[in-house]
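Residues 1 to 224 in the numbering used here are what the sequence shown lists, from first letter to last.
Below is one structure; the comments refer to it alone.
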Amino acid sequence: MNSLCCVSLTIAARIIAALGLSISILMINVVMSAFFVKVQPDDFYSTIKTWKILGLNWTQYIKKFNLSNEAQAVFFCFLSYAFLLLISSTLLAFATIVRKPSCALPWMYLQIISIADQITALVIYLTANSNFNNSHSSPLHWHSSLTSIFLFISAYFWMVVFSARESWLENHIRRTVNLENFYPTIEDNLPRDSNIPKTPSYLAQSGIFLQPTSDNFYSKSNVV
C-alpha cells in the first residue's frame, strides 16, 4: 500500500501527526484550566472524564489508591500523557519530513498503549452493564458505539503510520543497496587469485610496461 485515497502514506501520516499535535495542545489547555479554575474536585473529574475515550481510562483507578491529593495525581498523570502525545506527534511529523523510520516508533508505542486501554475499558464497561437495557436510545448503546468507532479509527491510524514507516524503511534499504552498487569497494576491484593464468593480451600489455626505456639503457651503459 503506497497511497491512501489518492494521498501518499507520508502525507497521511503527516495529517495524523498534525491531528495528534492539535489534540495534545487542546488537552494541555483544558487540563490546566480545569485544575486551576475548578474549585471542587468533582468538577475537575467531570472534565477529565470527557477525555477518557482517548485512552485515559486508567486515570480513574488512581482514586482507588486513597491518596491524600487525588486531584493532583490525576492532573500530573493526565498532563504527562498529553506531553508524551505532543512529543511523539512532533517526532512523527519530523519523520514524515526526513523519512526517518525510527522517529515514528514513539507515536506507535503510545498508540498501542492507548488502543489497549480503550479495548480494556470497553470490555469492562460492556461486562458491567450487560444486564441493563441495550436499546438504541440507551446510554450504553451510544457509549459503546462511540468507543468502538474511536477504537477503529485509532487502529486504522496506527496501520497507516506503520505502512508509511515500512515504505520509508524499504526506500532507505534500496538507496543503500544502490550506493553500494554504484561505488564498489577497492577489494572488489582487486584480483582475488594471483595464480590465475594470464592471457596473451595481458602478458603483452605487461611486457610493454616492463620494457626498458632509452634513459634506463643509457644509464646502464654509462655505469659499465
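The C-beta atom is built at its ideal place from N, Cα and C for all residues, glycine as well.
Determine the closest residue to V74 out of L92, A18, K52, A95, with distance taken between C-alpha atoms. Position 74 of the sequence shown, counted from the first residue, corresponds to residue 74. Minimum Cα distance to V74 is reached at K52.
Tell me the residue span of the alpha helix (DSSP H) that contains N29. For this step, residue 29 is matched to residue 29 along the sequence shown. Its alpha helix (DSSP H) spans residues 9 to 37.
Assign L110 to buried or exposed, taking buried as 16 or more other Cβ atoms, counted over all protein chains shown, within 10 Å of its Cβ. The residue you call residue 110 lines up with position 110 of the sequence shown. So L110 counts as buried.
Whole-angstrom Cβ separation of G55 and D117, contact assumed at under 8 Å? Sequence index remark: in the sequence shown, residue 55 carries index 55 (1-based). Sequence index remark: in the sequence shown, residue 117 carries index 117 (1-based). Indeed they touch by this definition, with Cβ atoms about 4 Å apart.
Where the alpha helix (DSSP H) through L54 begins and ends: The residue given as residue 54 occupies position 54 in the sequence shown. No alpha helix (DSSP H) contains L54, which DSSP labels as neither H nor E.
If you compare alpha carbons, which of I25, T50, I153, R165 is closest to L79? By one-based count along the sequence shown, residue 79 stands at place 79. Ranking I25, T50, I153, R165 by Cα distance to L79 puts I25 first.
So what's N171 in DSSP terms, helix, strand or just coil? Against the sequence shown, residue 171 aligns to sequence position 171. Correct three-state label for N171: helix.
Whole angstroms is fine: what's the gap from V125's alpha carbon to M159's? Sequence index remark: in the sequence shown, residue 125 carries index 125 (1-based). Sequence index remark: in the sequence shown, residue 159 carries index 159 (1-based). Per the sequence shown, residue 125 should be read as Tyr rather than Val. Cα to Cα, Y125 sits roughly 26 Å from M159.
So for S68, helix, strand or coil by DSSP? The count along the sequence shown starts at 1 and reaches residue 68 at position 68. It is coil, neither helix nor strand.
Does I186 pass the burial test, meaning 16 or more other C-beta atoms within 10 Å, or should it be called exposed? As a first step, residue 186 is located in the sequence shown; it is residue number 186 there, counting from the start. Any reading at I186 needs caution, since the residue's pLDDT is 45, under 50, leaving its predicted position unreliable; the model's value is listed next. Exposed: under 16 other Cβ atoms inside 10 Å.
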